[in-house]
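Please read the structure below before turning to the comments.
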């Protein structure tokens, strides 16, 4: 059985999987330089993904039959879509790179944990809150 | 001559040297344009974790696959080398934290065990306010954040104290019985790793890493139980990271010796999808510079890390 991400799917709902960018020849110097300059560092050895749905693929052989299970989530938080890698294992548990030692019984628990662990990343902008309040008043 | 790695709770000298050493590494710069030597381990760990092998798969260059144990063994050997250098003590051996011994305590006593007291690693908190790594004594310079619009993490510079959330996300540490089961599983036909070579494998590596049979187990459970900075891909931010991995390495060494050095798997006949994990594949390095890695120069294979008896031994299994 293998668990991996589906590559190069086509269609509107598919997840675009680009080839990984070429890693800098010296990852240490590259990362150090950016961090010292106050800049972020994204993983270079990982495939880049467009925002949008992702698809985890499980391939299992059972009694001479090959079973393939595709799992695709479309996740929005406060109406904003979130991409990235979310994997499902044989037990149906869900995991993501941001919390590498965790696995969750459902994607709901994963997203809740993300919000708990990275609260600053999910802070609502004041304008969003104002707009929502305005919409409620107009109803 | 091989150094001896000891239980941090049984030797106050090695404890004090470890604490002094990691703090010295935070002030140590091997090259002007590099991060400090301690933080290099954080950067390396992040990039290894985010290097899917092959691209698109859950397995990465240092986790969720066969290379998990040798890759972290390499990391510990280099940390030990740099600690020996800054401490000017070639006999210094990394300490380990035998977390399964604390796992024998009642759940409500585990977070007040000796390891979390003032003289050892300090306690829990956002920020940690006790012990040698409390606010003002230890600085987190690099943290993991979400990439915009994604659940995938990026590294960002920061300047903040250490965070821990002991027992918040897991009620218990692993127990001695759980460790014993993993070491003896399948005896006498023990298996280092097995297809599909990922978190679904029924194997010693996968059980010790903590994906099977009940996640989070063993190594993963310790990360989850400690929480805070031990959670994300930048988990070496907490010096407890290395105490955990030294204990994981000790369990692997116990397994190897107890069973007469079973073969590392996969061997070189495995397909290219397992590149980076096979016996003679090169493991994921962060630099080939001798300054950081004077031992292997960034070029090391699992095969080079199976017999480490010339470098170190453990005081007890």
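Chains as they are written, first to last, in the working numbering: chain A, 19 to 157; chain B, 16 to 332. All C-beta atoms, glycine included, are put in the ideal place defined by N, C-alpha and C.
(request) Taking only the alpha-carbon atoms, compute the straight-line gap between residue 276 of chain B and residue 84 of chain B and give it to the nearest angstrom. (result) Residue 276 of chain B and residue 84 of chain B have their C-alpha atoms some 14 Å from each other.
(message) Residues of chain A with CB closer than 7 Å to the CB of residue 78 of chain B, please, in chain order.
(response) Within chain A, the residues near residue 78 of chain B are 118.
(message) So residue 124 of chain A contacts chain B; which residues on that side make the cut at Cβ distance below 9 Å?
(response) Contact note: residue 124 of chain A does not reach chain B at a C-beta cutoff of 9 Å; the least C-beta distance is about 14 Å.
(message) Any beta carbon of chain B sitting closer than 7 Å to that of residue 83 of chain A?
(response) Interface with chain B (7 Å Cβ-Cβ cutoff): residue 83 of chain A is excluded.
(request) Could you please tell me which residues of the stretch 147 to 165 of chain B, in chain order, have their CB closer than 8 Å to any CB of chain A? (result) Only those residues of the stretch 147 to 165 of chain B whose C-beta falls short of 8 Å from the nearest C-beta of chain A are listed: 156, 157, 159, 160, 161, 162, 164, 165.
(message) Looking at residue 149 of chain B: is its Cβ nearer than 7 Å to the Cβ of residue 241 of chain B?
(response) Not closer than 7 Å, so no.
(request) Would you give the residue range spanned by the beta strand (DSSP E) that residue 327 of chain B belongs to? (result) It spans 327 to 329 - the beta strand (DSSP E) in which residue 327 of chain B sits, taken as one unbroken run.
(message) Can you confirm whether residue 86 of chain B, when its beta carbon is compared against all beta carbons of chain A, has any partner nearer than 7 Å?
(response) No, residue 86 of chain B lies away from the interface with chain A (no Cβ there is under 7 Å from its Cβ).
(request) Decide if residue 48 of chain B is buried, meaning its Cβ has at least 16 other Cβ atoms within 10 Å, or exposed. (result) With fewer than 16 Cβ atoms within 10 Å of its Cβ, residue 48 of chain B is classed as exposed.
(request) Taking C-beta pairs closer than 9 Å, name the residues in chain A that residue 235 of chain B reaches, listed in chain order. (result) Neighbours of residue 235 of chain B on chain A, chain order: 118, 119, 120, 121.
(request) Say whether chain B places a C-beta atom closer than 7 Å to the C-beta of residue 29 of chain A. (result) Its pLDDT being 26, under 50, residue 29 of chain A is placed unreliably by the model, and the measurement read from it follows with that caveat. Chain B contact via Cβ: absent.
(request) Going by CA-CA distance only, name the one from B:32, B:332, B:90, B:327 that's closest to residue 270 of chain B. (result) Distance from the Cα of residue 270 of chain B is smallest, within the candidate group B:32, B:332, B:90, B:327, for B:332.
(request) Provide the residue(s) that pair with residue 114 of chain A in DSSP beta bridges, ordered along the chain. (result) Residue 114 of chain A is bridged to A:104.
(request) Taking residue 320 of chain B as part of the alpha helix (DSSP H), name the residues at either end of that continuous run. (result) Per DSSP, residue 320 of chain B belongs to no alpha helix (DSSP H) and is neither H nor E.
(request) Closer than 8 Å by C-beta to residue 91 of chain A: which residues in its own chain qualify, once you throw out the five before and the five after it? Chain order, please. (result) Excluding sequence neighbours, residue 91 of chain A sits near 71, 72, 104, 125.
(message) Against chain B, which members of the stretch 98 to 111 of chain A pass a CB distance test of less than 8 Å?
(response) Taking a C-beta cut-off of 8 Å against chain B, the contacting residues of the stretch 98 to 111 of chain A are 98, 99, 100, 101, 102, 103, 104, 105, 107, 108, 109, 111, listed in chain order.
(request) Measure from the C-beta of residue 95 of chain A to each C-beta in chain B and report whether the shortest distance is under 7 Å. (result) So no, residue 95 of chain A is outside the interface.
(message) From the DSSP secondary-structure annotation, give me the bridge partner or partners of residue 99 of chain A.
(response) Beta bridge pairing from DSSP links residue 99 of chain A with A:94.
(request) Count the C-beta pairs between the stretch 109 to 119 of chain A and the stretch 176 to 195 of chain B that are closer than 8 Å, then say yes if the count reaches three, no if not. (result) Flag = no, the stretch 109 to 119 of chain A and the stretch 176 to 195 of chain B do not touch.
(message) Taking the beta carbon of residue 168 of chain B as the centre, do at least 16 other beta carbons fall within 10 Å, making it buried, or is it exposed?
(response) Classification for residue 168 of chain B: buried.
(message) Less than 6 Å between C-beta atoms, sequence neighbours within five positions excluded: which residues of the same chain meet that for residue 30 of chain B?
(response) Closer than 6 Å at the Cβ level, and outside the excluded window around residue 30 of chain B, lie 23.
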